[in-house]
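Mind the numbering: the sequence shown is residues 4 to 529 in this note's numbering, read in order.
Please read the structure below before turning to the comments.
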Amino acid sequence: MQFPLRALAGVCRYLCRATVYLFVTEALFAQTSATFGKVIPLGETPSDIVLDESRQRLYLVNSPGNRVDVYDYSGNMLVGSIGVGANPLGAAMSMDNAYLYVGNHDDSSLSVIQLGGAALGIVTNTVALPAKPQGVEVGADGRVLICTDGSGTTSTANTLLLFDGTQTAANQVLAVPFPPAPATPPALAPPTATRQVTVFNGRLKRTPDGKYIVGVSSINNNTQSVVYEYETASGTVLQSRTVTGQSSTLAMAPDGSSFMAGYTLYDFGTLDVLGQQSTANAPFPFVSSTGTPLSFSTTANIGGSVFSPDLKTLYSAFNTAVATIPAPAPQASTLLISDPRTLGISLGINLPESILSKMVITSDGNDIFALSSSGIMHLPIGTLYSYPILMPASTTVFLAQDPCNLGVAQTSLQINNIGGGTLTFAVPQQVPDGSAALIVKASSGVAPSTVTFAMDPGVSGVIRTAGTNLYTGQGASNTGAPVKIQLVSPNAINVPPTIEVFMNYRDATMSGLIYPLATVPNSTTT
């Protein structure tokens, strides 16, 4: 059998003795019961979240309540609310932390909230707008960019507005030249809905220096999205492009070089797509309870992401629920820890509930807050590795046997806890895929410990296909796929790795060479 793995230093030559080969690839995962993070129930999902580190607060836009709820994350409590206009959808804070701006969709207005002092915030002005607002952002010049539904279904008039509070009342709101196409108005949830769903309204996100703002709006009845780049100094849209199936949930890289829109990574300078976070990119399978492969939903592209301040990590979660009618509950409860440039996923962390939309992170990188199914979720990401995390020394094992030695080929694999605390685990009582030739035993149920893999091709009932993996009952249809061993752990917070075992049975005519090559994305093999 040929193994599609990248060449390693050294070649495993055929010898007249039983041989065992072990090499390292990235981990493959399956779900466990332990979770990471704390749910802060609010009864519904806010439509937007703004982080105010200067006051250790979160401003949570409550659309049905026509208010902004204020959460003190240092004291872990809601401390009050600020009343605004009808059906607020988006909010943004000025770069000097002095003002919070809230776009009120149903009464076409912008609430200007002065922060600071004894009060949580005071609405100092309610500005009438010529169109219904969706997303809001503030540039380095202090002016507020507002994306809207537009004034008409076919016209681009007033789809992007600019508010300048330093001007006279008659000149405070201006339409931006060369605006994007008109956005699709936000959909209303049916009155019988049993859960809140975050709608993909138009969203805006500034670069760290505030010189530019990127935006995404759904257009043409939500069949397409327009992505655009706005320059604060000139007050114009520099470039835009139309895409399909795009979420408007945005995350900006800390150096401003790229941004995420849903699960798509864009180059900031060109708006080129650099990559997409996909289940195909993961080093572990996404499967349903029945074993059906899953992918990130394009019709219900729910979830969000955020970059770490040092640009070393991308944290994200996206929906894998299969689209049905009626729509199923979102399944975005696995936090993906990825490379922010390649989108290669290294870990999957179990969460207590699904992330539905925007995520924010503190400047020290220690805390993430995300809009979730029942409110918001706090992820103390700085303490992640103080929790049990199961990781084997390798996720690929190769066992080989030849006619010179018909005995058992075996090897031991180290199972580690790369986090903290006590980690218990177990191996399956029965090997999957019906391969009676493989025997798996653990020396202990507490990590660190070892798991022994042994191949006995002499076991009765095993169909021997020379040069391939050994399977029972597959005969000529044997494709040589590896046997997958799924470790389970009740207290590991990560999705534990699946170990792939290749078993090679050779006869006297097979005196070739075996070249180990990388078979999964994100391999560290060189």
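Note that beta-carbon positions come from the ideal geometry of N, C-alpha and C, so glycine has one too.
Spell out the partners DSSP gives residue i in its beta bridges.
i           : result
residue 234 : 215 and 239
residue 395 : 418
residue 107 : 91 and 112
residue 255 : 262
residue 166 : 147 and 176
residue 462 : Looking at the DSSP assignment, residue 462 forms no beta bridge with any residue, so it has no partner.
residue 74  : 61 and 81
residue 102 : 117
residue 455 : 415 and 444
residue 161 : In DSSP, residue 161 forms no bridge with anything.
residue 53  : 62
residue 208 : 217
residue 426 : Partner(s): none; residue 426 has no beta bridge.
residue 86  : 70
residue 364 : 371
What distance in whole Å lies between the Cβ atoms of residue j and residue i, which are believed to be in contact at a cut-off of 8 Å?
i           : j           : result
residue 154 : residue 133 : 6 Å
residue 280 : residue 220 : Incorrect: roughly 21 Å between the Cβ atoms, too far for contact.
residue 333 : residue 324 : 6 Å
residue 426 : residue 393 : 6 Å
residue 291 : residue 362 : Not really, about 25 Å apart at Cβ, beyond 8 Å.
residue 250 : residue 265 : 3 Å
residue 213 : residue 320 : Actually they do not touch by this definition, with Cβ atoms about 28 Å apart.
residue 369 : residue 379 : Rounded, the Cβ-Cβ distance is 16 Å, inconsistent with contact.
For the beta strand (DSSP E) that residue i lies in, which residues bound it at each end?
i           : result
residue 68  : Segment: none, residue 68 is in no beta strand (DSSP E) and carries neither H nor E.
residue 380 : 378–382
residue 374 : 371–375
residue 509 : No beta strand (DSSP E) contains residue 509, which DSSP labels as neither H nor E.
residue 131 : 125–131
residue 139 : 136–141
residue 299 : Taken as a continuous stretch (DSSP letters only), residue 299 belongs to no beta strand (DSSP E), as it is neither H nor E.
residue 321 : 317–321
residue 289 : Careful: residue 289 lies outside any beta strand (DSSP E) and carries neither H nor E.
residue 270 : 267–270
residue 44  : 41–44
residue 308 : 306–310
residue 489 : 486–489
residue 353 : 348–353
Please identify the residue among the options whose C-alpha is closest to the C-alpha of residue i.
i           : options               : result
residue 439 : 147, 446, 456 and 425 : 456
residue 377 : 357, 238, 53 and 103  : 357
residue 240 : 442, 336 and 179      : 179
residue 511 : 462, 404 and 140      : 404
residue 131 : 141, 177, 160 and 144 : 177
residue 246 : 142, 414 and 274      : 274
residue 87  : 103, 445 and 393      : 103
residue 339 : 311, 410, 365 and 330 : 311
residue 43  : 36, 78 and 55         : 78
residue 169 : 128, 152, 159 and 162 : 128
residue 90  : 59, 354 and 135       : 135
residue 336 : 322, 69 and 346       : 322
residue 485 : 462, 513 and 401      : 401
residue 60  : 293, 301, 365 and 462 : 365
residue 509 : 444, 269 and 407      : 407
Quiz item: At a cut of 8 Å, does the segment 43–50 reach the segment 396–407 through at least three beta carbon pairs?
Solution: no
Exercise. Flag this pair as touching only if the segment 445–452 and the segment 410–422 have three or more C-beta atom pairs under 8 Å; answer yes or no.
Key: yes
Quiz item: Between the segment 168–178 and the segment 247–261, do three or more beta carbon pairs fall short of 8 Å?
Solution: no
Quiz item: Taking contact to mean at least 3 C-beta pairs separated by less than 8 Å, is the segment 304–317 in contact with the segment 225–236?
Solution: Result no; under three Cβ-Cβ pairs closer than 8 Å.
Practice problem: Give a yes or no on contact between the segment 119–130 and the segment 205–214, applying the rule of three or more CB pairs nearer than 8 Å. | Solution: No, the segment 119–130 is not in contact with the segment 205–214.
Quiz item: Contact between the segment 132–152 and the segment 90–98: three or more CB pairs below 8 Å?
Solution: yes
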